[in-house]
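Trainee: Quick one: the structure is below, and I'll ask about it shortly.
Protein chains: 2
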Amino acid sequence: MNLKQLSEILGLSQTTVSRALNGYPEVNEATRERVQAAATKHGYRPNSRAKGLATGRSMVIGHVIPSSSQHEMVNPIFGDFVAGAARTYGAHGYDMMFTNADDTSIERTYRDLFQRGAVDGVVLQGPKVNEHRIEVLTRMAVPFIVHGRSTGIEVPYDWVDVNNKSSFLRATRFLIDLGHKRIALINGLEDMDFAQRRREGYLQALQEANLTPEPALMRSAEMTEVYGHHEARDMLQLDNPPTAILVSSMISAIGVRRALNEAGLKLGRDVSVIAHDDDLSYLKNGQDVPIFTATRSSVRQAGEIAAEMLIDRIKSPEDPVKTRLLEAELVVGGSTGPAPDRF
Amino acid sequence: MNLKQLSEILGLSQTTVSRALNGYPEVNEATRERVQAAATKHGYRPNSRAKGLATGRSMVIGHVIPSSSQHEMVNPIFGDFVAGAARTYGAHGYDMMFTNADDTSIERTYRDLFQRGAVDGVVLQGPKVNEHRIEVLTRMAVPFIVHGRSTGIEVPYDWVDVNNKSSFLRATRFLIDLGHKRIALINGLEDMDFAQRRREGYLQALQEANLTPEPALMRSAEMTEVYGHHEARDMLQLDNPPTAILVSSMISAIGVRRALNEAGLKLGRDVSVIAHDDDLSYLKNGQDVPIFTATRSSVRQAGEIAAEMLIDRIKSPEDPVKTRLLEAELVVGGSTGPAPDRF
DNA sequence: CCCGTCATTCAAAGCGCTTTGAAAACTGAG
DNA sequence: CTCAGTTTTCAAAGCGCTTTGAATGACGGG
């Protein structure tokens with residue numbers, strides 16, 4: 004069933020039917036009702052491609068999954084972020100498109116997606132330090148939003164981010180206040196912007212307390228469970244092991260906990276752990292009492308906000324740049340306690 | 004830059020340019036090279052919507068995320084499955100579209116997606132027992148593939164699935180062989196087809212060994228970490244607690260492990276645990292030695308296969324129905340051991 | 001009874017591509 | 001040099017929608 008057929012059934016022109024369905028004022032109310040009834044009855048759905056061709060808008064938002072060859076990992080926050088965004092998109096009549104691109108072709112993929120008119124805007128996830136893509140997108144004049152920020156990029160752009168620095172600053176201070184002096188950081192990949200900011204917060208807190216950062220206590224890699232386990236185990240075997248560990252993700256923190264258990268150490272007594280908690284739906288940090296003391300910020304909510312901001316941007320391309328900094332909440336759970344005496 | 008402009012630059016008709024770029028034989032080789040060079044030079048990308056309108060195909064595959072109001076959970080396997088599928092789609096020139104739908108409107112969403120020409124085929128994830136959507140899609144004559152199967156649906160349809168029954172049968176037998184008699188099952192939601200099949204395997208193994216299933220040892224809900232913890236803790240407080248637990252997901256198994264630790268029980272000695280492992284990229288079951296004894300089957304690979312099969316189906320709608328049953332591998336890790344004496 | 005005004009409706013053009021059917025250009029045999 | 005056959009190119013129609021600009025009809029004041 005297409006517009007032509009529907010209009011023939013109704014004995015009206017395509018113009019009138021189209022207008023009736025799209026809520027234009029210059030159509031008789033009685034006619035509109037008749038049209039709407041017929042559309043529902045025959046299950047008429049305007050063809051998106053044709054509509055897109057005619058209007059010049061696709062009503063689709065693009066996301067690129069950098070499913071690289073080197074880093075085979077799919078970010079565990081992906082699902083929740085997307086679920087949040089999808090909700091917002093749906094409410095505004097947008098669809099969501101994913102394209103796969105390996106590391107080498109991400110830029111080309113964005114360009115392609117936009118230039119062939121497949122999307123009206125894109126979401127940039129997981130920005131690195133000096134994220135080249137931001138400049139590329141800016142130059143292309145694509146509406147886009149960054150989930151995160153990128154240190155070193157001077158052009159203005161829209162973003163939503165968690166205040167990574169302040170949350171890790173606060174978490175580290177919290178540990179220092181508990182008497183910890185040897186605090187380790189198990190962080191995300193070096194070149195990710197969020198990892199750098201978290202380290203800044205961590206380092207600042209150490210400095211405030213006149214503690215000297217130790218390279219041996221600072222690790223970074225992709226945040227898998229196995230990674231958390233591996234690094235924690237390694238550090239526990241040092242001559243002078245840490246008494247507290249900051250971990251950049253719940254998943255890795257679970258690996259850390261596993262390492263502690265294997266070593267016969269008690270979480271929160273022998274070693275304190277603070278994790279960053281993205282509030283993933285399948286990995287809640289306990290029910291009522293938090294398992295881990297954590298810096299919490301819902302990534303699903305970030306997805307909703309990002310989508311909202313992107314849609315605004317598409318509607319008003321000339322508006323001044325908008326940014327949104329979310330503060331993570333520090334929730335205190337059972338994984339932290341006073342520094343043990345080792346004298 | 005559109006086709007018309009490009010053809011004017013070249014002094015050729017749109018027909019010839021279009022054919023040159025799409026590899027049709029009736030175009031002079033020298034001309035083709037000239038066209039291709041110009042296209043690259045000017046960064047020409049055919050508009051997907053226009054192309055879709057003209058060809059009647061959208062080159063997009065639809066996925067529906069059932070981000071329901073009741074079950075707020077995003078399936079943790081989502082990301083890896085999608086990454087696998089996206090890879091295949093990309094290789095065949097397809098894009099991937101996501102639409103959000105709440106429980107009540109999933110059917111309408113599929114219909115809508117297809118009838119408005121937004122997608123050429125859809126992937127149906129997480130089928131329930133008597134999955135109504137399968138019949139709907141069949142009636143609509145949409146090319147589709149099911150990840151999983153649905154007991155009770157008689158119409159033939161394409162699917163990829165893990166042999167859930169045989170893998171849980173085998174896992175249960177393995178525990179019985181180790182001397183366990185009180186074996187619990189922490190399963191997914193009752194109405195999910197995979198959960199039912201796993202239970203069948205579990206029950207069959209019990210029956211073979213003349214063990215009576217106990218309702219108190221069979222739990223089912225959404226497979227979060229908290230759920231695994233909660234049910235395990237609950238069962239450990241029974242008068243006659245289980246000596247072994249089968250868990251339908253690694254995430255929940257982590258919760259189970261947490262409960263064991265809290266109870267001061269040692270995994271693999273006091274209580275044995277076997278988990279189903281989807282081989283998620285961020286949650287590998289250990290590095291060399293598996294953490295959990297597990298039934299393993301890569302969900303990312305399932306995504307690749309599903310995509311491949313769906314594309315085949317789109318290309319040859321009349322082919323006989325295809326199905327693919329993947330056998331899970333039983334990997335033995337440190338989480339299982341002989342049943343403890345309790346006499 | 002005429003005419004300007006307003007409310008409705010319509011025919012046709014256009015979005016950027018593919019594809020059909022025809023024309024033009026070239027080829028080599030007679 | 002001609003003509004059938006082949007290769008190469010082209011103009012135009014069509015995909016299903018929106019939108020422009022114009023037409024139609026109804027209405028009421030003069």
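Protein chains in written order, with this note's numbering: chain P, 4 to 346; chain S, 4 to 346. A virtual CB, placed ideally from N, CA and C, is assigned to each residue, including glycine. It should be emphasised that the depicted structure is a prediction, and the values quoted were computed from it without experimental measurement.
Considering G258(S), what are the terminal residues of the alpha helix (DSSP H) in which it resides?
Mentor: Looking at the DSSP string, the run of the alpha helix (DSSP H) that includes G258(S) is M253 to E265.
Trainee: Let me know the secondary structure DSSP gives E3(S) once reduced to three states.
Mentor: Residue 3(S) falls outside the range modelled here, since chain S spans only 4 to 346, and no answer is possible.
Trainee: When DSSP labels each residue in this structure, what does R327(P) get in the three-state scheme?
Mentor: Three-state result, R327(P): strand.
Trainee: By the DSSP assignment, the alpha helix (DSSP H) with M99(S) in it spans what residues?
Mentor: Run containing M99(S): none in the alpha helix (DSSP H); it sits in the beta strand (DSSP E), D98 to N103.
Trainee: Let me see if you follow: with CB-CB separation under 7 Å, is P79(P) close to chain S or not?
Mentor: Chain S contact via Cβ: present.
Trainee: Along chain S, which residues have their Cβ under 7 Å away from the Cβ of I68(P)?
Mentor: What I68(P) touches in chain S: A86 and A89.
Trainee: Where P216(P) and E193(P) are concerned, what is the direct C-alpha to C-alpha distance, given to the nearest angstrom?
Mentor: Answer to the nearest angstrom: the Cα atoms are 16 Å apart.
Trainee: Assign I80(P) to one of three DSSP states: helix, strand, or coil.
Mentor: Note: I80(P) maps to coil in three-state DSSP.
Trainee: Answer yes or no: does any C-beta atom of chain P fall closer than 7 Å to that of G258(S)?
Mentor: For G258(S), the answer is no, since every Cβ of chain P falls outside 7 Å of its Cβ.
Trainee: Could you give the first and the last residue of the continuous beta strand (DSSP E) run that contains D280(S)?
Mentor: Run containing D280(S): S275 to D280, per the beta strand (DSSP E) assignment.
Trainee: Under the three-state reduction of DSSP, which class applies to F177(S): helix, strand or coil?
Mentor: Of the three classes helix, strand and coil, the one that applies to F177(S) here is helix, per DSSP.
Trainee: Kindly list, in the order they appear in chain S, the residues whose Cβ is closer than 7 Å to that of P49(P).
Mentor: Result: R119.
Trainee: Count the other CB atoms within 10 Å of the CB of F346(S); is the residue buried (16 or more) or exposed (fewer)?
Mentor: With a pLDDT of 49 at F346(S), under the threshold of 50, the modelled position of this residue cannot be trusted; read the value that follows with caution. The residue is exposed, with fewer than 16 neighbouring Cβ atoms inside 10 Å.
Trainee: Kindly indicate which residue of D315(S), L283(S), V292(S) and I294(S) has the alpha-carbon position closest to the one of S300(S).
Mentor: When only C-alpha atoms are compared, the closest one is L283(S).
Trainee: Let me see if you follow: with CB-CB separation under 7 Å, is F101(S) close to chain P or not?
Mentor: Judged by the 7 Å Cβ criterion, F101(S) is in contact with chain P.
Trainee: Could you tell me whether the Cβ of M238(P) comes closer than 7 Å to any Cβ of chain S?
Mentor: Taking Cβ atoms only, chain S never reaches closer than 7 Å to M238(P), which makes this a no.
Trainee: By Cβ distance, which residues of its chain are closer than 7 Å to G155(S), with the 5 residues on each side in sequence left out?
Mentor: Closer than 7 Å at the Cβ level, and outside the excluded window around G155(S), lie V132 and N133.
Trainee: Return the first residue and the last residue of the alpha helix (DSSP H) that T141(S) is part of.
Mentor: From DSSP, the alpha helix (DSSP H) with T141(S) extends over H135 to M143.
Trainee: Within a Cβ cutoff of 7 Å, which residues of the same chain sit near A219(P), ignoring the five residues on either side of it in sequence?
Mentor: Closer than 7 Å at the Cβ level, and outside the excluded window around A219(P), lie L241.
Trainee: Can you have a look at N243(S) and say buried or exposed, based on whether 16 or more other CB atoms are within 10 angstroms of its CB?
Mentor: It is exposed - the Cβ of N243(S) has fewer than 16 other Cβ atoms within 10 Å.
Trainee: For a contact meaning CB atoms closer than 9 Å, what does K287(S) contact in chain P?
Mentor: Near K287(S) (Cβ distances below 9 Å), the residues of chain P are T227, E228 and V229.
Trainee: Which chain S residues sit within Cβ distance under 7 Å of R52(P)?
Mentor: Going along chain S in sequence order, the residues near R52(P) (Cβ under 7 Å) are R52, G55, L56, S61 and G120.
Trainee: My guess is that R303(S) and G87(S) are in contact by the Cβ rule of under 8 Å, so how many angstroms apart are they, rounded?
Mentor: About 4 Å; that satisfies the 8 Å criterion.
Trainee: Go ahead and pull the three-state DSSP assignment for S51(S).
Mentor: In this structure, S51(S) counts as helix in the three-state DSSP scheme.
Trainee: Given a threshold of 16 other Cβ atoms within 10 Å of its Cβ, counted over all protein chains shown, does E330(P) qualify as buried or as exposed?
Mentor: Exposed, because fewer than 16 other Cβ atoms sit within 10 Å of the Cβ of E330(P).
Trainee: Residues of chain S with a CB under 7 Å from the CB of I109(P): which are they?
Mentor: Neighbours of I109(P) on chain S: none; closest Cβ ~12 Å, over 7 Å.
Trainee: Taking R327(P) as the reference, give the member of G65(P), M99(P), E225(P) and D161(P) with the closest Cα.
Mentor: R327(P) has its Cα closest to that of D161(P), out of G65(P), M99(P), E225(P) and D161(P).
Trainee: Give the DSSP bridge partners of L127(S), in chain order.
Mentor: In DSSP, L127(S) forms a bridge with V149(S).
Trainee: Please work out which residues of its chain come closer than 7 Å, Cβ to Cβ, to S223(P), disregarding the five sequence neighbours upstream and downstream, and give them in chain order.
Mentor: Result list for S223(P): N190, G191, L192, E193 and A198, in chain order.
Trainee: What residues in its chain sit with their C-beta under 8 Å from that of E332(P), if we drop five residues either side in the sequence?
Mentor: Excluding positions up to five away in sequence, the list reads T298, R299 and S300.
Trainee: If you run the structure through DSSP and keep just helix, strand and coil, what is V163(S)?
Mentor: Strand.
Trainee: May I have the straight-line CA-CA distance separating M312(P) from R111(P), to the nearest angstrom?
Mentor: About 24 Å.
Trainee: Could you tell me which residues DSSP pairs with S319(P) in its beta bridges?
Mentor: Answer is none; S319(P) lacks a bridge partner.
Trainee: Helix, strand or coil for T34(S)? Go by DSSP, reduced to three states.
Mentor: Helix at T34(S).
Trainee: Between the segment 254 to 272 of chain S and the segment 49 to 64 of chain S, do at least 3 Cβ pairs fall closer than 8 Å?
Mentor: At 8 Å Cβ cutoff, the stretches do not touch.
Trainee: Alpha carbons only, please: which of A42(S), L181(S) and I64(S) is nearest the one belonging to V5(S)?
Mentor: A quick correction: the sequence has Asn, not Val, at residue 5(S). For the residues A42(S), L181(S) and I64(S), the minimum Cα distance to N5(S) belongs to A42(S).
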